[in-house]
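> All you need for the working numbering is the position in the sequence shown, starting with 1, plus 1. Ideal Cβ positions, reconstructed from N, Cα and C, are used throughout, including at glycine. A single structure is presented below for examination.
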Amino acid sequence: MPATSFDALIIGSGQAGTPLAYALADAGRRVAIIESASLGGSCLNYGCAPTKALLASAQRAHHVRTAGELGIEPGQWQVDFAAVIERMHRLRQNSRNSIERKLTKDRDGITLLRGWARFTAPHTLAVALHGGGEELVTAPLVFINTGTGPAVPDIEGLEGSGYLTSDSLLLTLTEQPKHLLIMGGSYIGVEFGQMMRRLGCRVSIIDTKPRLMAREDADVSKPLQELLEAEGIELVLSAQVRRVTRGTDEQITLTVETKDGPRHLRGSHLLVATGRVPHTADLGLEHTAIELDKKGYIQVNEHLQTAQRGVYALGDVKGGPQFTHISYDDYRIVRDAILHGKQRSAEGRPLPYVVFTEPQLGRIGLSKNQAREQKIPFRVSRLPARNIGRANETGLTEGFVEVLVGDDDRILGASVFCEQGGEIMTMFQLAMAGGLRYPQLVDMIIAHPTWAEVLNNAFQRLKPGE
């Protein structure tokens with residue numbers, strides 16, 4: 002079978018692959034984009050978009066539930082879980098439809114192939130089409146954007162227990178869990194935990210570490226941990242799940258080893274949120290010079306080039322921080338190199354991220370632990386959210402704003418755990434990108450009363466870092 006020639010092949014329609022297809026097509030290149038699942042990648046289908054739609058419902062329910070604190074007494078109300086899920090599915094499908102229209106109707110030069118792609122040669126792919134049959138495609142440029150899937154630990158009984166992952170929960174869940182057991186206390190676990198709790202579920206989070214989100218500074222993760230416990234979430238920490246069973250009553254039981262001895266946790270549903278693994282196993286990489294690391298991620302250089310000339314890897318499949326905004330920046334790096342002759346490195350990029358609990362935890366730059374490890378001198382200021390005027394006016398006083406400042410008075414990093422945490426963190430990121438010194442922010446005239454006024458006040462407690 003002869004291969005159909007294109008200028009570029011893109012495997013995966015995630016947050017790097019899809020905009021790259023648009024850009025190449027707009028530049029007059031003939032592009033084939035291959036997708037084996039739903040259009041949009043993990044962000045749109047079981048990541049950012051659907052989880053934030055559910056979080057919006059959970060937060061609205063919490064605001065109604067706590068409206069009495071502001072003198073508002075709501076009438077009778079209840080969470081319609083089916084309607085919450087239906088809204089999430091509707092929003093997600095609208096986004097899928099929009100991507101399909103843009104790929105197939107809004108511009109020339111893009112061929113969408115629905116199926117599984119495997120390399121048969123360094124620049125040739127065999128695509129097993131969903132409707133049957135196979136198509137061979139070839140191009141001098143190939144971009145791998147296949148992403149990751151849920152990591153499932155090897156635990157006795159887990160395989161046949163009917164467990165959920167963050168992917169499958171968002172795709173298949175129709176009934177409200179009475180008691181959701183969550184294995185994993187990192188970002189996915191805490192977001193789902195608070196979300197489901199506020200939607201009316203009983204929630205237990207089990208993690209092997211002694212505290213939630215153990216990668217964060219202890220005095221950053223602890224306030225969030227205390228907040229979740231105050232909302233009624235059970236935390237079982239420093240714990241190892243040894244066995245999973247499902248009874249005749251469909252209840253799931255976890256046999257857990259803790260520092261205080263064995264425990265048996267029973268719930269209606271089990272969510273496994275213990276990390277991600279790359280989609281590289283069935284790509285036929287043995288027919289290329291592409292190299293994998295020990296975890297199966299594709300190895301690339303600072304320009305996102307693999308060891309196979311003309312083949313790039315973008316997004317989560319190449320390892321490193323797994324965030325949509327990093328994937329999108331991967332697209333920009335490759336776009337600028339190929340279409341505009343500009344070489345930009347993927348190394349040393351800023352890494353902003355937000356944990357979308359309520360309040361949000363926004364992070365940029367160095368944490369205290371990272372500054373200590375790198376032996377970078379710093380001063381630190383921590384402002385309780387209750388000292389922010391806007392926080393008191395809205396009643397949203399949980400959390401803090403913490404900033405690190407270097408010897409040259411420039412900002413090294415920020416941890417913002419309060420209402421609008423992600424937005425406030427981004428303002429600190431802008432100041433860092435502009436090289437501003439903190440006195441410039443202290444003396445800046447900022448409209449009152451806004452959350453942005455924290456830029457004036459965040460540095461008033463500066464003291465040497467320990």
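Here's a check: name, in chain order, each residue in its chain whose Cβ is nearer than 6 angstroms to the Cβ of residue 356, leaving out the five neighbours to either side.
Numbered from 1 along the sequence shown, position 355 holds the residue referred to as residue 356. So the qualifying residues of the chain are 188 and 362.
> Would residue 372 be called buried (16 or more neighbouring beta carbons within 10 Å of its own) or exposed?
Counting from one through the sequence shown, the residue named residue 372 turns up at place 371. So residue 372 counts as buried.
> Compare the C-alpha of residue 59 against each of 306, 258 and 195 and name the closest.
Along the sequence shown, read from residue 1 onward, the residue named residue 59 stands at position 58. Measuring from the Cα of residue 59, the nearest candidate turns out to be 195.
> Do residue 1 and residue 398 have their CB atoms nearer than 7 angstroms?
The question about residue 1 has no answer here: the residues shown for the chain are numbered 2 through 467.
> Is the beta carbon of residue 185 closer than 7 angstroms to that of residue 317?
Position 316 of the sequence shown, counted from the first residue, corresponds to residue 317. Position 184 of the sequence shown, counted from the first residue, corresponds to residue 185. No, the Cβ-Cβ distance between residue 317 and residue 185 is not below 7 angstroms.
> Considering only residues of the same chain and omitting the five flanking positions on each side of residue 118, which have a CB-CB separation below 6 angstroms?
One-based indexing of the sequence shown puts residue 118 at position 117. Excluding residues within five positions, the ones whose Cβ falls inside 6 angstroms are 12, 35, 126 and 128.
> Give the range of the beta strand (DSSP E) segment to which residue 151 is assigned.
Residue mapping note: residue 151 aligns to position 150 of the sequence shown, counting from 1. Residues 149 to 151.
> Considering only the alpha carbon of each residue, which of 327, 56, 265 and 223 lies closest to residue 243?
If you number the sequence shown from 1, residue 243 lands on position 242. The residue with the shortest Cα to Cα distance from residue 243 is 265.
> With distance defined between alpha-carbon atoms, name the residue in 235, 161 and 428 nearest to residue 453.
Mapped onto the sequence shown, residue 453 falls at position 452. Among 235, 161 and 428, the Cα nearest to that of residue 453 is on 428.
> In chain order, what residues of the same chain have a beta carbon less than 8 angstroms from the beta carbon of residue 424, not counting five sequence neighbours either side?
Counted from its first residue, the sequence shown places residue 424 at position 423. So the qualifying residues of the chain are 363 and 452.
> With a CB to CB cut of under 8 angstroms and the five nearest residues on each side skipped, what residues in its chain are close to residue 339?
Counted from its first residue, the sequence shown places residue 339 at position 338. Only 25 and 142 meet the Cβ criterion.
> CA-CA distance, residue 389 and residue 313?
Residue numbering aside, residue 389 sits at position 388 when the sequence shown is read from its first letter. Residue numbering aside, residue 313 sits at position 312 when the sequence shown is read from its first letter. Going from the Cα of residue 389 to the Cα of residue 313 covers about 46 angstroms.
> Enumerated in chain order, which unbroken segments of the alpha helix (DSSP H) with a length of 4 residues or greater are wholly contained in the segment 126 to 196?
167 to 173, all fully within the segment 126 to 196.
> Buried or exposed: which applies to residue 426, given that a residue is buried once 16 or more other Cβ atoms fall within 10 Å of its Cβ?
Here the question's residue 426 lines up with position 425 in the sequence shown. It is buried - the Cβ of residue 426 has at least 16 other Cβ atoms within 10 Å.
> Taking residue 303 as the reference, give the member of 289, 295, 43 and 330 with the closest Cα.
By one-based count along the sequence shown, residue 303 stands at place 302. Closest by alpha carbon: 330.
> Starting from residue 118, trace the beta strand (DSSP E) both ways and give me its first and last residue.
Residue numbering aside, residue 118 sits at position 117 when the sequence shown is read from its first letter. Note, residue 118: beta strand (DSSP E), 111 to 122.
> Given a cut-off of 7 angstroms, decide if residue 365 and residue 378 are closer than it, judged by their beta-carbon atoms.
Your numbering for residue 378 matches position 377 in the sequence shown. Your numbering for residue 365 matches position 364 in the sequence shown. For residue 378 and residue 365, no; Cβs fall outside 7 angstroms.
> Taking the alpha-carbon positions, what's the residue 122 to residue 306 distance?
Locating residue 122 in the sequence shown gives position 121, counting from the first residue. Locating residue 306 in the sequence shown gives position 305, counting from the first residue. Cα-Cα distance, rounded: 17 angstroms.
> Beta strand (DSSP E) containing residue 419: first to last residue?
Numbered from its first residue, the sequence shown carries residue 419 at position 418. Note, residue 419: beta strand (DSSP E), 412 to 419.
> May I ask whether a heavy atom of the ligand MN can be found less than 6 angstroms away from the beta carbon of residue 467?
As presented, the structure is devoid of all ligands, the ligand MN included, so that no description of it is given.
> Where are the beta strand (DSSP E) runs, 3 residues long or more, that stay fully inside the segment 9 to 91, in chain order?
Runs found: 9 to 12 and 32 to 36.
> Leaving out the 5 sequence neighbours to the left and right, which residues in its chain are closer than 7 angstroms to residue 93 when beta-carbon positions are compared?
Position 92 of the sequence shown, counting from 1, holds the residue named residue 93. The answer, listed in chain order, is 45, 46, 50 and 51.
> Just the Cα atoms here: how many angstroms apart are residue 219 and residue 299?
As a position in the sequence shown, residue 219 is number 218, starting the count at 1. As a position in the sequence shown, residue 299 is number 298, starting the count at 1. Between residue 219 and residue 299, the C-alpha separation is close to 32 angstroms.
> Run through DSSP, which three-state label would residue 275 get?
Translated into positions along the sequence shown, residue 275 becomes position 274. Correct three-state label for residue 275: coil.
> Residue 376 to residue 432, Cα distance in whole Å?
For the purposes of this step, residue 376 is taken as the residue at position 375 of the sequence shown. For the purposes of this step, residue 432 is taken as the residue at position 431 of the sequence shown. So the two alpha carbons sit approximately 23 angstroms from each other.
> If we count Cβ pairs, one from each stretch, closer than 8 angstroms, do we get three or more for the segment 3 to 17 versus the segment 63 to 76?
No: the two stretches stay apart, fewer than three of their Cβ pairs being nearer than 8 angstroms.
> If distances are taken between C-alpha atoms only, which option among 234, 455, 261 and 350 comes closest to residue 200?
One-based indexing of the sequence shown puts residue 200 at position 199. Among 234, 455, 261 and 350, the Cα nearest to that of residue 200 belongs to 234.
> Taking three-plus beta-carbon pairs below 8 angstroms as touching, is the segment 168 to 179 in contact with the segment 80 to 100?
Contact between the segment 168 to 179 and the segment 80 to 100 is present, because at least three Cβ pairs lie under 8 angstroms.
> List the endpoints of the continuous alpha helix (DSSP H) containing residue 423.
Your numbering for residue 423 matches position 422 in the sequence shown. Looking at the DSSP string, the run of the alpha helix (DSSP H) that includes residue 423 is 422 to 434.
> Does the beta-carbon distance from residue 468 to residue 284 come in below 7 angstroms?
Beyond the ends of the chain as shown, which are 2 and 467, falls residue 468; an answer cannot be given.
> Kindly indicate which residue of 260, 400 and 61 has the alpha-carbon position closest to the one of residue 209.
Here the question's residue 209 lines up with position 208 in the sequence shown. When each option's Cα is compared against that of residue 209, the closest is 260.
> Hey, quick one: how far does the alpha helix (DSSP H) through residue 332 stretch, first residue to last?
In the sequence shown, counting from the first residue as 1, residue 332 sits at position 331. 325 to 341 is the span of the alpha helix (DSSP H), which, as asked, contains residue 332.
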